[in-house]
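Residue numbers (the numbering used here): 3 to 709.
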């Protein structure tokens, strides 16, 4: 994690009151990526010199082409670069999230953001601007085939280290370097705007995104965004960046804008606004902002998309910023425009994509809300289509979808409830047009998904808030995978005080932690009269409480718990576990019986697994040999030796016998008070001390339980 931009910013910001700093990922990595490649990549350095020349030529008064109301359309392709998760899990986000994110991006560029800025005290310099630039999903891929403008790539299948590192932007030689990862899916950057949504960046979520300024003719050209800030909502996004403004910020870079605080260290006036700072004359000098507050310059435009303010503070570009983006688009990225990649194909085609089974770890074999995306790449409106679906090799089912699927549009359709036994499966979904209508492009009709319906355990997270819950937050983490299952924060005193909420999860077997945090360092200790107590947090499976905490647990409490079947409790082996034939002496027949079981694995609780390691192997054979000739009633050795023919039988199995076999001479028992007792005196269950004397004069002390 990185504290915003630099420790210097944190030092300045510490003078502000009533604002809490928390660790956040770096907002944008564009400047850092630029510095890295400038120092390591001569091609990039030459290219960036052209960028600077191009920016210096940008007029500071609106040009004719920039202020015209012609809407410029950019075809985009969204590449989901994931770790092998099924759609809807981890970084493999659903089509619905993707469509919502691009819709919000278009709203921002229209000057009608879905989330108007929450910055009433900011010094506004302009109303939100309509950039007259819109983004459409590509309808034709580089090979001329219909597409919905979304690709999905399991990067870990090619580069296994991607699971840990994600895309690496700090090394050109790493397997998961930016060039290698992007090469798996990149489309022609002169024909499409490539947007890569990443599972991880540099092992985590930092930076949240970055982009390259034009002109930049390289396979790396495009926009990168971490999946947890692409889209909007409280369910999965990082706290201060949950309104989809990262993609808007990075698109500003892609179209030629710098940060508002670019190369600025003071609030003093600029001598040449067209060349200093962000090189825009309608944005004042600024050192940036933290949260929704300027760091040092009062006139900071915290509402500007190119600042580092939180998502709920920004909602507009400046007029000169609009001019620059349109000019740079027309000057350096004009091949994107009017290239036919958003134009519907001739004929009629309805394709499927993004088949989603949401119930992984379902706790049920009846799965609802399986969805598939219908896409129209053609001119005609489709009003109904037959949707067929088949699980494994079973008989297929079908139903009629009715609606209005217009040109270049999509519809997310939910299948009827499907019975899915626990285990691995293949689900196939395909479309059929009405009789008499030819599907021009059948290649995109069918979508296949391999998935596993994992049996899970239902767990309720119950939170009863104290009198002042503000500042309380929690995270539920799967320790085995490192994935965040869910989290919560921002519990207002007025809404949640002394109230309770319950979250229900279906968790697969594994180890988990519930991490609780309180910024005031007193847990949930404020008393609630209606409850007769302070706040509590509990994890419950049916009537079994897995974890519980209440009251003042300080600033952090970690509650580990395990989901899965209880451990098997094997019955004790007894005082003479080597006597397999129960004749009262450890002899030849016992070795031969064990030899018949030799080599078995996963033998939990087997009476022949003397050392209890779930394998009947060499150590068990040697254990029996060491007590050969022992009388079970006295546990005293008779001194009898193992016959040579028995040793030969062992050697024939590949068992190497030590030349000087160390054998047991005597076994003694003591109670927990240290008093020596006879074996016949053990009449009650409990723990006893077992002292074993070997022929070489050594001793071994063990605890043994009798019941």
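The beta-carbon is built from N, C-alpha and C at its ideal position, and this holds for glycine as well.
Quantities reported herein were computed from a predicted structural model and do not represent experimental measurements.
| said: Is the beta carbon of residue 136 closer than 8 Å to that of residue 108? | reply: In the chain shown, the residue the question calls residue 108 occupies position 106. In the chain shown, the residue the question calls residue 136 occupies position 134. Taking 8 Å as the Cβ cut-off, residue 108 and residue 136 qualify as a contacting pair.
| message | Using the three-state DSSP reduction, which class does residue 630 fall into: helix, strand or coil? | response | Along the chain shown, one-based indexing puts residue 630 at 628. Three-state DSSP puts residue 630 in coil, outside helix and strand.
| In chain order, what residues of the same chain lie with their CB nearer than 6 Å to the CB of residue 225, ignoring the 5 residues before and after it? | Numbered from 1 along the chain shown, position 223 holds the residue referred to as residue 225. If you ignore the 5 residues before and after residue 225, its C-beta comes within less than 6 Å of the C-beta of 197, 213, 252, 256, all in its own chain and listed in chain order.
| field | Distance, residue 557 Cα to residue 673 Cα | value | As a working mapping, residue 673 is identified with position 671 in the chain shown. As a working mapping, residue 557 is identified with position 555 in the chain shown. Spanning the two alpha carbons is a distance of roughly 46 Å.
| task | Can you tell me which of 303, 292, 291 puts its alpha carbon nearest to the alpha carbon of residue 285? | result | Within the chain shown, numbered from 1, the residue matching residue 285 stands at position 283. The candidate whose alpha carbon is nearest that of residue 285 is 303.
| query | Grouping DSSP H, G and I as helix and E and B as strand, with all else coil, what is residue 12? | reply | Numbered from its first residue, the chain shown carries residue 12 at position 10. Note that residue 12 scores 24 on pLDDT, short of 50, meaning its location in the model is unreliable; the coordinates nonetheless yield the value given after this. Helix.
| query | In chain order, which continuous runs of the alpha helix (DSSP H) of length 4 or greater are located wholly inside the region 97-181? | reply | Within the region 97-181, the runs of alpha helix (DSSP H) that reach at least 4 residues and sit entirely inside it are, in chain order, 97-112, 164-167.
| field | Buried/exposed call for residue 399, threshold 16 Cβ in 10 Å | value | Reading the chain shown from its first residue, position 397 is the one you call residue 399. In the assembly as shown, residue 399 is an exposed residue. Its beta-carbon has fewer than 16 other beta-carbons within 10 Å.
| For residue 321, the first and last residue of its enclosing beta strand (DSSP E) | Taking the chain shown and counting its residues from 1, the one referred to as residue 321 is at position 319. Annotation: residue 321 is outside any beta strand (DSSP E); the continuous alpha helix (DSSP H) that includes it extends over 321-334.
| Residue range of the beta strand (DSSP E) that includes residue 83 | Along the chain shown, one-based indexing puts residue 83 at 81. Boundaries of the beta strand (DSSP E) around residue 83: 74-84.
| task | Over the uninterrupted beta strand (DSSP E) stretch that includes residue 367, give me the two end residues. | result | One-based indexing of the chain shown puts residue 367 at position 365. Looking at the DSSP string, residue 367 is not in any beta strand (DSSP E), and its letter there is neither H nor E.
| said: Along the chain, where does the beta strand (DSSP E) containing residue 588 start, and where does it finish? | reply: By 1-based counting over the chain shown, the position of residue 588 is 586. Annotation: residue 588 is outside any beta strand (DSSP E) and is labelled neither H nor E by DSSP.
| query | With C-beta atoms as the reference, is residue 152 less than 8 Å away from residue 185? | reply | Looking up residue 152 in the chain shown gives position 150. Looking up residue 185 in the chain shown gives position 183. Going by C-beta atoms, residue 152 is not nearer than 8 Å to residue 185.
| request: Would you check if there are 3 or more beta carbon pairs closer than 8 Å linking the region 404-415 to the region 310-317? | output: Counting Cβ pairs under 8 Å, fewer than three are found: no touch.
| request: Quick one: using the 10 Å Cβ neighbour count with 16 as the cut-off for buried, is residue 57 buried or exposed? | output: By 1-based counting over the chain shown, the position of residue 57 is 55. Note that residue 57 has pLDDT 49, beneath the 50 cutoff, so the model's placement of it is unreliable and no number is given.
| said: Tell me which residues share the same chain as residue 527 and place their Cβ nearer than 7 Å to its Cβ, disregarding the 5 neighbours each side in the sequence. | reply: Here residue 527 is taken as the residue at index 525 of the chain shown, counted from 1. Correct list, in chain order: 468, 536, 553, 554.
| For residue 213, the first and last residue of its enclosing beta strand (DSSP E) | Residue numbering aside, residue 213 sits at position 211 when the chain shown is read from its first letter. From DSSP, the beta strand (DSSP E) with residue 213 extends over 211-213.
| said: Restricting to runs no shorter than 3 residues, where is the beta strand (DSSP E) found entirely within the region 209-295? | reply: Contiguous beta strand (DSSP E) elements confined to the region 209-295 occur at 211-213, 225-228, taking only those with 3 or more residues.
| query | Under three-state DSSP, which class holds residue 693? | reply | Taking the first residue of the chain shown as 1, we reach residue 693 at position 691. Per DSSP, reduced to three states, the secondary structure at residue 693 is strand.
| If you count every other CB in all the chains shown that lies within 10 Å of the CB of residue 606, and 16 or more means buried, which is it? | Here residue 606 corresponds to residue number 604 of the chain shown, with the count starting at 1. Classification for residue 606: exposed.
| said: Under 8 Å, Cβ to Cβ, is there at least one residue of chain B near residue 185? | reply: You won't find chain B in this structure, because it holds only one protein chain.
| request: Note the first and the last residue of the continuous beta strand (DSSP E) segment covering residue 207. | output: Here the question's residue 207 lines up with position 205 in the chain shown. That residue, residue 207, is in no beta strand (DSSP E); it is neither H nor E in DSSP.
| request: List the endpoints of the continuous beta strand (DSSP E) containing residue 391. | output: On the chain shown, residue 391 is found 389 positions in, with the first residue counted as 1. Residues 384-393.
| said: Using the three-state DSSP reduction, which class does residue 726 fall into: helix, strand or coil? | reply: Residue 726 falls outside the range modelled here, since the chain spans only 3 to 709, and no answer is possible.
| Beta-carbon spacing of residue 77, residue 195 below 8 Å | Here residue 77 refers to the residue found at position 75 when the chain shown is read from its first residue. Here residue 195 refers to the residue found at position 193 when the chain shown is read from its first residue. Cβ distance < 8 Å, so residue 77 and residue 195 count as in contact.
| query | Three or more beta-carbon pairs under 8 Å between the region 201-217 and the region 165-174, yes or no? | reply | Judged by Cβ distances under 8 Å, the region 201-217 makes contact with the region 165-174, as three or more pairs qualify.
| task | Find the nearest neighbour of residue 337 within the set 74, 667, 621, 649, judged by alpha-carbon distance. | result | Along the chain shown, read from residue 1 onward, the residue named residue 337 stands at position 335. Looking at the Cα atoms, 74 is the closest of the given residues.
| request: May I ask which residues mark the beginning and end of the beta strand (DSSP E) holding residue 463? | output: Here residue 463 is taken as the residue at index 461 of the chain shown, counted from 1. Per DSSP, residue 463 belongs to the beta strand (DSSP E) from 459-466.
| query | What residue from 231, 218, 270 has the CA that sits closest to residue 258's CA? | reply | For the purposes of this step, residue 258 is taken as the residue at position 256 of the chain shown. Closest by alpha carbon: 218.
| task | Inspect the beta-carbon positions of residue 386 and residue 429 and report whether they are closer than 8 Å. | result | As a first step, residue 386 is located in the chain shown; it is residue number 384 there, counting from the start. As a first step, residue 429 is located in the chain shown; it is residue number 427 there, counting from the start. Cβ atoms of residue 386 and residue 429: not closer than 8 Å.
| query | What number of angstroms, rounded off, separates the C-alpha of residue 424 from the C-alpha of residue 365? | reply | Along the chain shown, one-based indexing puts residue 424 at 422. Along the chain shown, one-based indexing puts residue 365 at 363. Cα to Cα, the separation comes out at about 9 Å.
| said: Rounding to the nearest angstrom, what Cα-Cα distance links residue 248 and residue 319 in this structure? | reply: For the purposes of this step, residue 248 is identified with residue 246 of the chain shown, where counting begins at 1. For the purposes of this step, residue 319 is identified with residue 317 of the chain shown, where counting begins at 1. Distance between the alpha carbons of residue 248 and residue 319 is about 14 Å.
| query | Does the beta-carbon distance from residue 449 to residue 352 come in below 8 Å? | reply | Your numbering for residue 449 matches position 447 in the chain shown. Your numbering for residue 352 matches position 350 in the chain shown. The Cβ atoms of residue 449 and residue 352 lie no closer than 8 Å to each other.
| said: On a Cα-Cα basis, can you pick out the residue from 574, 510, 592 that is closest to residue 614? | reply: Translated into the one-based positions of the chain shown, residue 614 becomes position 612. Checking every option, the nearest Cα to that of residue 614 belongs to 574.
| field | Coarse secondary structure for residue 530, derived from DSSP in three states | value | Within the chain shown, the letter at position 528 stands for residue 530. Strand.
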